[in-house]
Amino acid sequence: MSELSVLIGGKAGFGIDKASLIIASLVSRLGYRIYINRDYPSLIRGGHTFSIIRASTEKVFAHRDSIDVLLALNQETVEIHKSRLKSASILIYDSDLTVSHPITCVKYAANIPLSTIIKEEHAEEVMRNTCIIGAFAKSVGIEWDVLSAIIKEFFPKEIEQNLKVARRAFDAAKEFTKIDRSSRDRLPLVTGNEATALGLIRGGLESYISYPMTPTSPILHYLASLSEEVGVKVIHPESEISVIMMALGMAYCGEKVAVGTSGGGFCLMTEGLSFSGMAELPVVIVLGQRPGPSTGLPTYSCQTDLHFALNAGQGEFTRFVIAPGDAEEAYSAALLALNIAWKYQIPAIVLTDKAMGEGYYSFDMEMCGDIKETLPLAWDRKDPYKRYSMTETGISAVAFPSEKDAIIKVNSYEHDESGLSIEDAATTIKMQDKRLRKEKYLAMELEGRECVGVYGNKKSATALLCWGSNKGVCIEVADALGLKVIQPVVISPFPIKEFKKSMDGIKKLIAVENNATGQLARLIGGHGISVNETILKYDGRNFGVEELTDRVRKVIG
Amino acid sequence: MRDLGTTAKNTWCPGCGNFAILNAVKSVLKDLNSEGLPIENVVLVSGIGCNSKISDYVNVNSFYSLHGRVIPPATGIKVANPGLKVIGHSGDGDAYGEGIEHLIFAAKRNIDITYIVHNNRVYGLTTGQYTPTSPEGYKGRSTPFGAKEMPMNPLEVMLASGATFIGRSTSRAIDGLKTMIKDAIAHKGFSIIDVLQTCVTYYNMYDYYDKRVYEIKDHDPYDYDQAMKKIREWDYNKDAGIPIGVFYRKESPTYEGGFASCKASGSDREAVVRKILKEKV
Chain A
1 MSELSVLIGG KAGFGIDKAS LIIASLVSRL GYRIYINRDY PSLIRGGHTF
51 SIIRASTEKV FAHRDSIDVL LALNQETVEI HKSRLKSASI LIYDSDLTVS
101 HPITCVKYAA NIPLSTIIKE EHAEEVMRNT CIIGAFAKSV GIEWDVLSAI
151 IKEFFPKEIE QNLKVARRAF DAAKEFTKID RSSRDRLPLV TGNEATALGL
201 IRGGLESYIS YPMTPTSPIL HYLASLSEEV GVKVIHPESE ISVIMMALGM
251 AYCGEKVAVG TSGGGFCLMT EGLSFSGMAE LPVVIVLGQR PGPSTGLPTY
301 SCQTDLHFAL NAGQGEFTRF VIAPGDAEEA YSAALLALNI AWKYQIPAIV
351 LTDKAMGEGY YSFDMEMCGD IKETLPLAWD RKDPYKRYSM TETGISAVAF
401 PSEKDAIIKV NSYEHDESGL SIEDAATTIK MQDKRLRKEK YLAMELEGRE
451 CVGVYGNKKS ATALLCWGSN KGVCIEVADA LGLKVIQPVV ISPFPIKEFK
501 KSMDGIKKLI AVENNATGQL ARLIGGHGIS VNETILKYDG RNFGVEELTD
551 RVRKVIG
Chain B
558 MRDLGTTAKN TWCPGCGNFA ILNAVKSVLK DLNSEGLPIE NVVLVSGIGC
608 NSKISDYVNV NSFYSLHGRV IPPATGIKVA NPGLKVIGHS GDGDAYGEGI
658 EHLIFAAKRN IDITYIVHNN RVYGLTTGQY TPTSPEGYKG RSTPFGAKEM
708 PMNPLEVMLA SGATFIGRST SRAIDGLKTM IKDAIAHKGF SIIDVLQTCV
758 TYYNMYDYYD KRVYEIKDHD PYDYDQAMKK IREWDYNKDA GIPIGVFYRK
808 ESPTYEGGFA SCKASGSDRE AVVRKILKEK V
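Residue numbers (my numbering), protein chains in the order written: chain A, 1 to 557; chain B, 558 to 838.
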């Protein structure tokens with residue numbers, strides 16, 4: 001077996017996330033590469049929540065719609081997901097809770113009395129998940145030693161009881177198949193959010209400020225947990241308005257700072273974004289998309305804020321927008337965004353989404369490229385300091401309080417080189433040109449980097465056009481169907497030359513997006529390139545491999 | 558000491574109460590500088606409104622922010638560099654209207670900054686509308702038939718929110734104002750001074766204040782109940798004596814102090830990241 005998809009489902013509060021991570025760690029330890037797709041509603045207890053853990057000998061970035069193993073902690077999970085089962089799939093369920101036993105839908109079914117085991121072992125109800133994992137390990141031929149080692153790591157405080165309940169289910173289950181072992185190096189399991197946080201840390205992050213909002217709150221939690229170890233100040237203030245304005249106060253003092261939010265919080269940040277553009281105060285904004293308008297589907301995924309990220313904030317100013325497509329790209333995007341924000345003294349937006357932010361990936365640091373932290377242009381102390389001194393590139397040297405002899409004035413009003421407010425026409429033009437000039441130099445610098453990913457069959461005349469978290473699923477589908485994939489990673493300044501080059505020989509361009517209007521298609525339309533077909537999905541769920549394959553087949557005929 | 562003036566042309570109306578505050582601030586900064594405070598350690602933060610032009614008029618570091626957004630950057634600046642003296646300037650619309658949420662949190666956190674509110678009880682720069690501290694029935698351009706709401710007593714809000722230095726002064730009481738600003742800057746924690754100043758163009762209150770303002774005496778600023786009683790003597794609405802002076806003081810840990818353990822140590826971040834990843838294998 002070179003690939004395995006496991007779905008574990010139940011109610012929120014059953015510990016599905018932890019269980020899925022344990023399962024992923026189990027198979028990861030056997031040398032597999034992992035991707036976890038997480039689906040949960042916006043509530044604390046109840047509802048239906050599930051994770052699909054896909055393990056493969058090759059690196060994977062997308063889930064399959066069909067599954068090999070279904071771990072059902074309640075009846076509802078069986079009902080909702082039985083259509084995903086194949087005839088050779090394995091179904092493991094709690095025979096104490098599942099009323100109608102749907103054994104007939106699969107060849108291999110194991111009814112384990114999870115609740116009885118829990119009761120007899122005087123364990124907590126939440127340990128049903130450890131229990132079902134015991135049955136899972138047995139059913140796919142994972143040895144008890146491998147499982148018990150993982151359980152010990154995940155439950156350092158309740159080792160004995162977890163081992164007991166897992167062992168009972170392990171013994172009660174049958175081995176239906178034997179998962180292969182691989183001698184490959186193990187890779188760490190990292191969410192897109194964690195990869196983003198690590199990229200920021202690598203880029204020299206000194207402060208992170210955020211108001212909790214799905215799907216980026218995990219960055220806040222993660223950096224807060226690391227704050228003392230790494231030396232990053234983490235602040236959760238009263239609102240997103242405060243978040244970005246506090247961040248700009250820190251940037252004024254020379255602190256490398258990032259903020260994180262989703263669409264609703266970004267709405268509140270737009271005045272600060274515009275101020276960042278005007279005052280030339282660098283900030284990195286991690287914008288994790290979730291379906292809107294308004295509160296929308298808080299815990300689901302989409303790609304609806306591309307144009308919002310590009311156009312938010314009054315006035316015209318230079319911004320960097322980057323949309324990474326997986327954990328490695330999230331890491332390098334965050335690092336690059338910090339570097340560019342500081343070098344050009346502009347706001348930089350890392351545009352992610354729930355699917356990528358909260359999805360788990362086997363993370364390969366060696367794929368992240370070699371980006372080093374860069375330092376901004378410092379004042380040489382030769383001429384009297386002017387915060388907005390005129391230069392060819394538009395980039396002025398920085399100094400921070402309490403630099404001696406420098407008077408550092410930043411200003412939200414139009415201002416002169418020294419930062420004093422002005423209203424005259426000539427200075428207005430001069431300063432507006434200065435700020436916009438930075439975009440030209442930024443675009444030139446980016447020409448030296450790969451800003452558009454090209455994958456799949458590079459000779460194909462048909463290409464899937466995608467961005468962000470659809471990268472992985474598009475590559476997989478394109479590989480299977482012999483198509484090319486074009487994925488712009490940098491969105492602003494748009495790498496038009498490189499994009500046009502990637503379009504060489506393309507006769508049919510199919511946009512694949514998680515939105516209802518085709519936002520990237522519209523963006524490239526503005527550059528005179530039109531797509532032939534659009535495959536749009538806006539139900540809050542990211543594409544599975546089979547679903548996208550079917551839809552692509554329909555449009556390629 | 559360098560000249561604290563700038564080349565910017567002052568555009569306040571003749572007779573504006575802001576001049577007195579500007580002069581008081583400059584004079585205090587000169588004093589502090591002569592007492593050993595390096596002038597480069599000072600950062601002024603201002604919002605938007607006539608008062609906030611002070612950023613253009615004082616030749617020190619300044620962060621000329623957005624309307625209502627003085628506290629957040631001032632907080633960020635102080636947390637990033639606790640060695641700085643951060644002095645915020647807002648009008649009453651900026652501080653008590655658009656920025657009230659931040660103000661309450663500044664008091665709650667006891668961030669060590671000084672906040673000077675130029676309270677003329679009218680929007681000047683937007684040409685004469687009522688503010689959170691205008692009296693009920695105030696006839697401004699947005700309320701031609703009279704404001705339909707009561708003013709707030711911002712100092713009562715500040716006391717309830719945890720501010721550790723609360724004072725009121727006026728742009729007429731120039732010596733008292735200077736002393737109070739100096740005390741507020743020296744205070745370790747969040748200090749706020751509500752300065753009743755006068756907009757000569759839209760709401761000339763010079764005579765009104767002259768008749769009612771008095772300096773508080775025999776008052777213990779460390780006594781919360783006394784402070785509350787004194788603050789409530791005048792509710793910004795009905796006729797009453799208007800006490801000025803320091804109402805409340807308290808020594809309390811400051812917000813920025815809580816970040817001492819999160820110092821970026823100049824560590825090798827690549828190594829840090831690799832170590833974190835190793836633990837996730």
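Glycine residues also receive a C-beta, built at the ideal position from the N, C-alpha and C atoms.
Pairing S647 of chain B with G625 of chain B, the inter-Cα distance amounts to about 8 Å.
Burial state of Q314 of chain A is exposed, judged by a 10 Å Cβ sphere holding fewer than 16 other Cβ atoms.
Counting only the Cα atoms, Y331 of chain A lies some 40 Å from A123 of chain A. The segment 600-609 of chain B makes contact with the segment 634-651 of chain B; the number of CB pairs closer than 8 Å reaches 3 or more. Against chain B, a Cβ distance below 9 Å from R202 of chain A picks out R826, E827, V829 and V830. Under the 9 Å criterion on CB atoms, T671 of chain B is classed as non-interfacial with respect to chain A. If the five residues before and after V27 of chain A are omitted, its C-beta is found closer than 6 Å to the C-beta atoms of A55, all from its own chain and listed in chain order.
Annotation: Cβ neighbours of M250 of chain A in chain B (cutoff 8 Å, chain order): G633, I634, V636 and A637. Assigned with DSSP and collapsed to three states, N677 of chain B falls in coil, not helix or strand. Contiguous beta strand (DSSP E) elements confined to the segment 112-199 of chain A occur at 189-191, taking only those with 3 or more residues. Identification of chain A residues near H659 of chain B by a Cβ-Cβ cut-off of 7 Å yields E238 and S242, ordered along the chain. The DSSP-derived three-state label of L834 of chain B is helix.
Judged by their CB atoms, P495 of chain A and T352 of chain A are not nearer to each other than the 9 Å cut-off. The beta carbons of G9 of chain A and H81 of chain A sit closer together than 9 Å. Residue pairing from DSSP places G10 of chain A in a beta bridge opposite A:T49. With 16 or more other Cβ atoms from the protein chains shown falling within 10 Å of its own Cβ, E328 of chain A counts as buried. Residues of the segment 265-290 of chain A with a Cβ closer than 7 Å to any Cβ of chain B, in chain order: E271 and F275. Put simply, of B:E658, B:I657 and B:N618 the residue whose alpha carbon is nearest the alpha carbon of K642 of chain B is B:N618.
Secondary structure within the segment 445-470 of chain A: the beta strand (DSSP E) runs of 3 or more consecutive residues, fully enclosed, are 452-456 and 462-465 (chain order).
One alpha carbon belongs to L660 of chain B, the other to I491 of chain A, and they sit about 37 Å apart. About 6 Å separates the CB atoms of K174 of chain A and A110 of chain A; that is less than 8 Å, so the two are in contact.
Against chain B, the CB of R186 of chain A has a partner CB under 9 Å away; the residue lies at that interface. The beta carbon of A312 of chain A is closer than 6 Å to those of T270 and L273 in its chain, skipping five residues each way along the sequence.
Contact between Q345 of chain A and G468 of chain A fails: their C-beta atoms lie close to 26 Å from each other, not under 8 Å. Counting along the chain, N339 of chain A sits inside no beta strand (DSSP E); it lies in the alpha helix (DSSP H) bounded by residues A327 to Y344. For F816 of chain B, the neighbours in chain A by C-beta distance under 8 Å run, in chain order, K233. Against chain B, the CB of M365 of chain A has a partner CB under 9 Å away; the residue lies at that interface. Restricting attention to beta strand (DSSP E) runs no shorter than 3 residues, the segment 748-809 of chain B encloses them at 748-753, 770-772 and 799-806, ordered along the chain.
Per DSSP, I596 of chain B lies in no alpha helix (DSSP H) and is assigned neither H nor E. Restricted to the segment 686-727 of chain B, the beta strand (DSSP E) segments that are unbroken, complete and at least 3 residues in length are 722-727, listed in chain order. Per DSSP, the unbroken beta strand (DSSP E) holding Y93 of chain A starts and ends at L85 to D94. Excluding residues up to 5 positions away in sequence, R559, D560, L561, G562 and T563 lie with their Cβ nearer than 7 Å to the Cβ of N616 of chain B in the same chain. T563, T564 and A565: these are the residues of the segment 558-574 of chain B whose beta carbon lies less than 8 Å from some beta carbon of chain A, given in chain order. Out of A:Y40, A:S2 and A:S95, the CA that lies nearest to the CA of V60 of chain A is found in A:S2. A residue is called buried once 16 or more other Cβ atoms fall within 10 Å of its Cβ, and E476 of chain A is buried on that count. Less than 9 Å divides the Cβ of Y766 of chain B from the Cβ of T755 of chain B.
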